[in-house]
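Undergrad: According to our numbering, the stretch in the sequence shown is residues 1059 to 1211, in order. Input: one structure, supplied below.
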Amino acid sequence: MAVERYWEDAKVGDEGVSPTMTVTGAMVDMYADVSGDHTLLHVDEEYARKSHFGERVAHGLFGLAVADGLKCQADYRFLPGMSLGWNWDFLLPIRIGDTLHVKFRVDSMRPSNSKPGWGIVIIPCELINQKGEVVQRGEHKLMIPRRPVDTAP
1059 MAVERYWEDA
1069 KVGDEGVSPT
1079 MTVTGAMVDM
1089 YADVSGDHTL
1099 LHVDEEYARK
1109 SHFGERVAHG
1119 LFGLAVADGL
1129 KCQADYRFLP
1139 GMSLGWNWDF
1149 LLPIRIGDTL
1159 HVKFRVDSMR
1169 PSNSKPGWGI
1179 VIIPCELINQ
1189 KGEVVQRGEH
1199 KLMIPRRPVD
1209 TAP
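Right, dumping it as structure tokens:
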């Protein structure tokens, strides 16, 4: 079981790598149902075969959701906090059958100005396929609980 870190337990330069996940057509279909985005490129093989991709591909936001979920499964993780936002780029299509993982690092840290007892971290992340290609990347701004004064590491 991975240890969940308080803000003080992190340092700039810390890195993490997630487990992998293989994308299936059923996952893309479920994402279409949850999001309501049934664009044919994502859900209709015949339509997608005629597209510039030549096959069905996952939604861009599916990739961001997967990246966040995989990051939360890495051995390096924080206590549950609050997401303050993502800055995210879609670089390459995510294809059915791709096996994805996330690499990330702590880029910067500061105490929260508005919420005592919390700290903010900026975490650059890369979503990488089985070929080693970065299919999506960006950074996550996250507010993490600070260690209570009356507890020791």
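The C-beta atom is built at its ideal place from N, Cα and C for all residues, glycine as well. Quantities reported herein were computed from a predicted structural model and do not represent experimental measurements.
If I follow the unbroken beta strand (DSSP E) through Leu-1142, where does it start and stop?
TA: Its beta strand (DSSP E) spans residues 1140-1148.
Undergrad: Using beta-carbon positions only, say whether Phe-1120 and Val-1086 come within less than 8 Å of one another.
TA: yes
Undergrad: In three-state DSSP terms, what is Phe-1120?
TA: In the three-state DSSP reduction, Phe-1120 falls in the helix class (H, G or I).
Undergrad: Between the alpha carbons of Ile-1154 and Val-1160, how many angstroms are there, rounded?
TA: 17 Å
Undergrad: Excluding five sequence neighbours on each side, which residues of the same chain lie with their C-beta closer than 7 Å to the C-beta of Ile-1125?
TA: Looking at the sequence shown, residue 1125 is not Ile but Ala. For Ala-1125, where only same-chain residues beyond five positions count, the Cβ hits under 7 Å are Val-1160, Cys-1183, Leu-1185 and Gln-1194.
Undergrad: Look up Leu-1137 in the DSSP assignment and say whether it is helix, strand or coil.
TA: Per DSSP, reduced to three states, the secondary structure at Leu-1137 is coil, with no helix or strand assignment.
Undergrad: Check each candidate in Pro-1077, Ala-1123 and Val-1070 and name the one with the smallest Cα separation from Asp-1147.
TA: Ala-1123
Undergrad: Which stretch, first to last residue, makes up the alpha helix (DSSP H) that contains Ser-1093?
TA: 1083-1093
Undergrad: Quick one: give me the first and last residue of the alpha helix (DSSP H) that His-1100 is part of.
TA: Its alpha helix (DSSP H) spans residues 1098-1101.
Undergrad: Please determine if the region 1100-1115 and the region 1134-1143 are in contact, where contact requires at least 3 C-beta pairs separated by less than 8 Å.
TA: Too few Cβ pairs lie closer than 8 Å, so no.
Undergrad: Classify Asn-1171 as buried or exposed, calling it buried when 16 or more other Cβ atoms lie within 10 Å of its own Cβ.
TA: exposed
Undergrad: Does DSSP put Lys-1161 in a helix, a strand or coil?
TA: strand
Undergrad: What's the C-alpha gap between Gln-1131 and Phe-1162?
TA: 12 Å
Undergrad: In its own chain, which residues sit with a C-beta less than 8 Å from the C-beta of Thr-1080, not counting the 5 before and 5 after it?
TA: Gly-1155, Asp-1156, Thr-1157 and Leu-1158
Undergrad: From His-1198 to Ser-1093, what distance separates their C-alpha atoms?
TA: 21 Å
Undergrad: Look up Arg-1204 in the DSSP assignment and say whether it is helix, strand or coil.
TA: coil
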